[in-house]
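Enquirer: Protein chains in written order, with the numbering used here: chain A, 1 to 227; chain B, 228 to 547. C-beta atoms are modelled at their ideal positions from N, C-alpha and C, and glycine is treated no differently. Sharing a structure with you now.
Encoded structure:
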C-alpha cells in the first residue's frame, strides 16, 4: 500500500499548499487517512504547520516559497498500516431543552419537523469523528440524517455557549470552547472536551464513534456540578 | 493579588496600576499544534513585536506585552529596560517625563511607566530586557483568551497584577533605527492572492479592488469582521469545513469578508475566497475599528518578492 497514492497537490499561496489523495481504491476513509497523513508530515518536517479536514491536508511552511517537492516526497513514506482502528462507541449526554442559545425552534420550522422528531433523529444515530479542529476540542461528527440537514447561519454568531451542539449540512458538532460559530444550535452537553488539566478530555480523534444520549435540564446541571 | 511592600521590594517584577483595553502576554505563537485545533496565537503584528525585541537585543520569540488601543501603566519594582514599538502612541512617559518609541528606555525601581493611547493603527508592543514569567503551553506563552491558554493564568492583565521576570543570557547586539524610520503602518491596501474558493465570487459590476471595507467593531484577535461594501458570492452554506490560517479571508453568502486573525480557528466552513500574503499579514494586527481598507490582488510570485522585500527592509525578522 505504501507510496502508491495518487495525489493532487495544489499550491494556494507562497506558503500554503493542499494535498488531496485519490481515495477510490482505499479501504480507509478520507477523514482518518488525512488525519494520519497530517501527523506523518508533522513528524517529518519541523518547519511546517498542518491541518487535516475531511477532504484534504493543508500544509503551511514557515519558509517561503513552500517546497512542494519536499512535501510530496515525504507523502511516499506514509504507511496506511500505521492506522489502528477501534469499534468503541462513546456516549455523550445532550440536553435539548433550551438552556442558553438555541435555534431548535427555528430549525423545527425550517424543516417542518417537530422538536421531538429532531431530537429523536439526532440522538438515535451512531456518528464517527470526521475531523477535529476549528477551535480546541471541536469535532466534526457524521453523517447527520438528511432529514435534519440545515445550512450554516448566514451570519455567524460572535459567541456560542460552551458545550453547544450544532448541526450543519450532514455534520453535527460540539462547541467545547464557545466563541464564534456558524452552526445552528440544537442542544448543549455538560461534558468538557477541552480541559487543560485532563489529557483524557482530548479523546475525540478521527475514526472514533460516538452516540448522543438525551438528558433533561436537571441532569445537565447535576453533571455540570460534579466537576 | 496585592502584595505587601516588603514582599515586593526585592522582586524582579512590574506592578500594573492601569491595564489598558486588552493587554496580553504574547510571543511568536504555538506553531505545530494546529492539527489538534490549537490556534497559532502570538503577536498579531509580529513585525512590531520583533522590532521592539530587536532594539533591546532580545531573541525574536521573547515574550512581550501586546496592547490594543490603550496602553497600561505599571511600576517597576526593580531596574529594567523596556522598548515600545508598533502603533504610534500619543504619549509615553516615565514618571511623567515624555519618552520615545523605538528606543531603549531604562526604568529605575519605583519608576512609573505609562503608555496612553494609539493615535493611529491599533496595537503596540512592550518588550523587556528580561523575560516575562508566564504559563507555557505547547512551547509558547502566548495568551489565547478563548481557552485560557498561556499568558498570566490564560487571561489579560488585570489591575494590581504583578508580573515577574526571569534572567536571560547576554544580549545580542541591539538594532538601531534611523530617525526616518517611523511607525505609521499603512493598512489601507491589503495585498492578497486568490483563495481556493475564489471562483465562487461573482464577476459583478465592481472589481475586487474597487470594494471598500470598514473594520467592524466586532473584530478581535480571532478575526477582522468588515462592514461597507459586500462581495457577491455564490455560497449555499453547504461546504465541508476546510483548513484556514491567519490571513485566510472567508466570505459567507452575506457577502461580508472576514479576515482570520492571529487566534484564527483551524477549520472554517465559509468559502476561502482570498489569502492575505505573508508580507502583509502583520498589518492585520494594526487594523483599527472604523479604518477603511481595500484588497489588492497579486500573484504568488509577487507575494514571494514582497516577503523578500520585507525581510530586506527589516533584517531582524525570523521565519514564522
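Could you tell me which of 240/B, 465/B and 256/B sits nearest to residue 149/A, measuring between CA atoms?
Expert: For residue 149/A, the nearest C-alpha among the options comes from 465/B.
Enquirer: Answer yes or no: does any C-beta atom of chain A fall closer than 8 Å to that of residue 420/B?
Expert: Yes, its Cβ sits closer than 8 Å to a Cβ of chain A.
Enquirer: Would the beta-carbon of residue 497/B fall within 8 Å of that of residue 483/B?
Expert: No, they are not a contact pair.
Enquirer: Going by C-alpha to C-alpha distance, which of 288/B, 446/B, 415/B and 337/B sits closest to residue 301/B?
Expert: Cα-wise, what sits closest to residue 301/B is 337/B.
Enquirer: Give a yes or no on whether the minimum CB-CB distance between residue 262/B and chain A is below 8 Å.
Expert: Chain A, which has a Cβ nearer than 8 Å to the Cβ of residue 262/B, makes this yes.
Enquirer: Return the chain-ordered list of same chain residues with a C-beta closer than 7 Å to the C-beta of residue 214/A, the five sequence neighbours on each side being excluded.
Expert: Within the same chain, residue 214/A has close Cβ partners 94, 96, 119 and 123.
Enquirer: Taking C-beta to C-beta, are residue 341/B and residue 319/B nearer than 8 Å?
Expert: In contact: residue 341/B and residue 319/B (Cβ atoms closer than 8 Å).
Enquirer: Give the residues from the stretch 433-459 of chain B that approach chain A closer than 9 Å (Cβ to any Cβ), ordered along the chain.
Expert: Residues passing the 9 Å Cβ filter: 445, 447, 449, 450 and 452.
Enquirer: Taking Cβ-Cβ distances shorter than 7 Å, what residues in chain B pair up with residue 60/A?
Expert: Within 7 Å Cβ-Cβ: 472.
Enquirer: Should residue 16/A and residue 57/A be called a contact, given that it needs their Cβ atoms to be closer than 8 Å?
Expert: No, Cβ-Cβ distance for residue 16/A and residue 57/A is not below 8 Å.
Enquirer: Taking 8 Å as the CB-CB cut-off, is residue 273/B touching chain A?
Expert: Cβ-Cβ to chain A under 8 Å: no for residue 273/B.
Enquirer: Am I right that residue 173/A and residue 184/A are in contact with their C-beta atoms under 8 Å? What's the rounded C-beta distance?
Expert: Not a contact, Cβ separation roughly 11 Å.
Enquirer: So, does the CB of residue 494/B fall closer than 8 Å to a CB anywhere in chain A?
Expert: Chain A contact via Cβ: present.
Enquirer: Between the stretch 63-84 of chain A and chain B, which residues of the former have a C-beta closer than 7 Å to a C-beta of the latter?
Expert: Per Cβ criterion, the list reads 63, 64 and 65.
Enquirer: Would you give the residue range spanned by the alpha helix (DSSP H) that residue 115/A belongs to?
Expert: First-last of the alpha helix (DSSP H) with residue 115/A: 115-124.
Enquirer: Decide if residue 264/B is buried, meaning its Cβ has at least 16 other Cβ atoms within 10 Å, or exposed.
Expert: Result: buried.
Enquirer: Does the contact criterion of 3 or more C-beta pairs under 8 Å hold for the stretch 346-353 of chain B versus the stretch 275-293 of chain B?
Expert: Yes, since at least three Cβ pairs between the stretch 346-353 of chain B and the stretch 275-293 of chain B fall closer than 8 Å, the two stretches touch.
Enquirer: Assess, as a yes-or-no matter, whether the stretch 522-541 of chain B is touched by the stretch 498-513 of chain B under the definition of 3 or more beta carbon pairs within less than 8 Å.
Expert: Cβ pair count under 8 Å is three or more, so yes.
Enquirer: Run down chain B in chain order and give the residues with a C-beta less than 9 Å from the C-beta of residue 178/A.
Expert: Those are 373, listed as they occur along chain B.
Enquirer: What does residue 497/B touch in chain A if you count any residue whose Cβ is under 9 Å from its own?
Expert: Going along chain A in sequence order, the residues near residue 497/B (Cβ under 9 Å) are 152, 156 and 182.
Enquirer: Check whether chain B comes within 8 Å of residue 123/A, counting only Cβ atoms and requiring the distance to be less than that.
Expert: Residue 123/A does not count as touching chain B.
Enquirer: Using only alpha-carbon positions, find the residue among 77/A, 46/A, 76/A and 70/A that is nearest to residue 62/A.
Expert: When only C-alpha atoms are compared, the closest one is 46/A.
Enquirer: Below 8 Å, how does it come out for the stretch 530-546 of chain B and the stretch 63-74 of chain A: are there three or more Cβ pairs, yes or no?
Expert: Cβ pair count under 8 Å is three or more, so yes.
Enquirer: Taking 7 Å as the limit between beta carbons, can you name the residues of its chain near residue 152/A, skipping five residues before and five after?
Expert: Answer for residue 152/A: 168, 182 and 183, listed in chain order.
Enquirer: Identify whether residue 306/B lies in helix, strand or coil by the three-state DSSP scheme.
Expert: Residue 306/B: coil per DSSP, three-state reduction.
Enquirer: Are the C-beta atoms of residue 539/B and some chain A residue less than 8 Å apart?
Expert: Residue 539/B does not count as touching chain A.
Enquirer: If we define contact as Cβ-Cβ less than 8 Å, is residue 90/A a contact residue for chain B?
Expert: Taking Cβ atoms only, chain B never reaches closer than 8 Å to residue 90/A, which makes this a no.
Enquirer: Within the 8 Å Cβ cut-off, does residue 32/A reach chain B?
Expert: So no, residue 32/A is outside the interface.
Enquirer: If the cut-off is 8 Å on Cβ atoms, which residues from the stretch 268-297 of chain B count as contacting chain A, listed in chain order?
Expert: Hits within the stretch: zero.
Enquirer: Check the Cβ-Cβ distances between residue 423/B and every residue of chain A, and say whether any is below 8 Å.
Expert: Yes, because at least one Cβ of chain A sits closer than 8 Å to the Cβ of residue 423/B.
Enquirer: When the distance is taken between beta carbons, is residue 255/B closer than 8 Å to residue 273/B?
Expert: It is a contact, given that the beta carbons lie within the stated cut-off.
Enquirer: Counting contacts by CB-CB distance shorter than 8 Å, is residue 228/B in contact with chain A?
Expert: Note that residue 228/B scores a pLDDT of 48, beneath 50, so its modelled location is shaky and nothing firm can be said.
Enquirer: Among all the DSSP beta bridges, which residues are the ones paired with residue 391/B?
Expert: Residue 391/B is bridged to 240/B.
Enquirer: Between the alpha carbons of residue 222/A and residue 101/A, how many angstroms are there, rounded?
Expert: Straight-line Cα distance between these residues: approximately 20 Å.
Enquirer: So, is residue 361/B buried or exposed, given that buried needs 16 or more other C-beta atoms within 10 angstroms?
Expert: Under this definition residue 361/B is a buried residue.
Enquirer: List the DSSP bridge partners of residue 358/B.
Expert: Per DSSP, 393/B.
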